Every structure is written in C-alpha cells, then in structure tokens.
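Each residue of the sequence shown is one higher than the one before, counting from 816 in the working numbering.
Where a beta carbon is used, it is the ideal one built from N, C-alpha and C, also for glycine.
Given the structure is predicted, the values throughout are model-derived calculations rather than measurements.
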Amino acid sequence: MDSIFDNSICSLEDTVKLLRELKQTYNKMANIDKKNIETINKKLILFSNNTEFIKDNLISIFNDLSNNYSNFTEETCNMIEDHKIVNEMIKDLLPIMVYYSFGKN
816 MDSIFDNSIC SLEDTVKLLR ELKQTYNKMA NIDKKNIETI NKKLILFSNN
866 TEFIKDNLIS IFNDLSNNYS NFTEETCNMI EDHKIVNEMI KDLLPIMVYY
916 SFGKN
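Pasting the structure below:
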C-alpha cells in the first residue's frame, strides 16, 4: 500500500510543479491569439474539474475510513460531513432527474 501512496504523492507533486510552470509561462505570454486562449482556457477548466474529482475521491476514501474521526483533522472531518450531505442529496434527486429527463425525450 505504501508504494501506491508514494507513487500518487510523487505524481501529484510533479503535476503541481508543471501547473506552476504553466501558470508562469501563461502569464508571460502576451501574443497568444484569441482561439488559442479559448482552447487553453477550456483545457484549464477541464483540468480544474479533474482536480476536484481527485479531491472528491480522496474524501470518499476518508469517508470509508471514518469510523474513527479522532485521527483526522477538523478540516478533513468537515469535508467528510459535507461529502455525506452531498451524496445524500444526489441519491434523493437522481431518480427525479432521471424521470424528468426521460419524460422530456
């Protein structure tokens, strides 16, 4: 298990380094045409969404381990509780959304 954690941490650290370099490069570039800026911005939005998925997956894993909150920071505990609330809302709303979605088609 340690190797999975270590590999994931290294990968995320490398990703953060690349993201910082991209930010510096992006801020220095003044001659980017409008179409390229739009494409880059779309890719950055998708990247940002993916980072939220990673965070959500980690919170979900913490949630699975949450029988004993005493080992977690207060911030992590709050994220776990928020995650549980959102999951319950999704469970409640999903059948309604699917029903209306099929009803419109």
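Endpoints, the alpha helix (DSSP H) within which residue i is located
| i | result |
| --- | --- |
| residue 868 | 849-879 |
| residue 846 | Premise fails: residue 846 is in no alpha helix (DSSP H) and is neither H nor E. |
CB-CB length for residue i against residue j, believed under 8 Å
| i | j | result |
| --- | --- | --- |
| residue 898 | residue 875 | 7 Å |
| residue 891 | residue 877 | 6 Å |
Beta carbon of residue i nearer than 8 Å to that of residue j
| i | j | result |
| --- | --- | --- |
| residue 895 | residue 916 | no |
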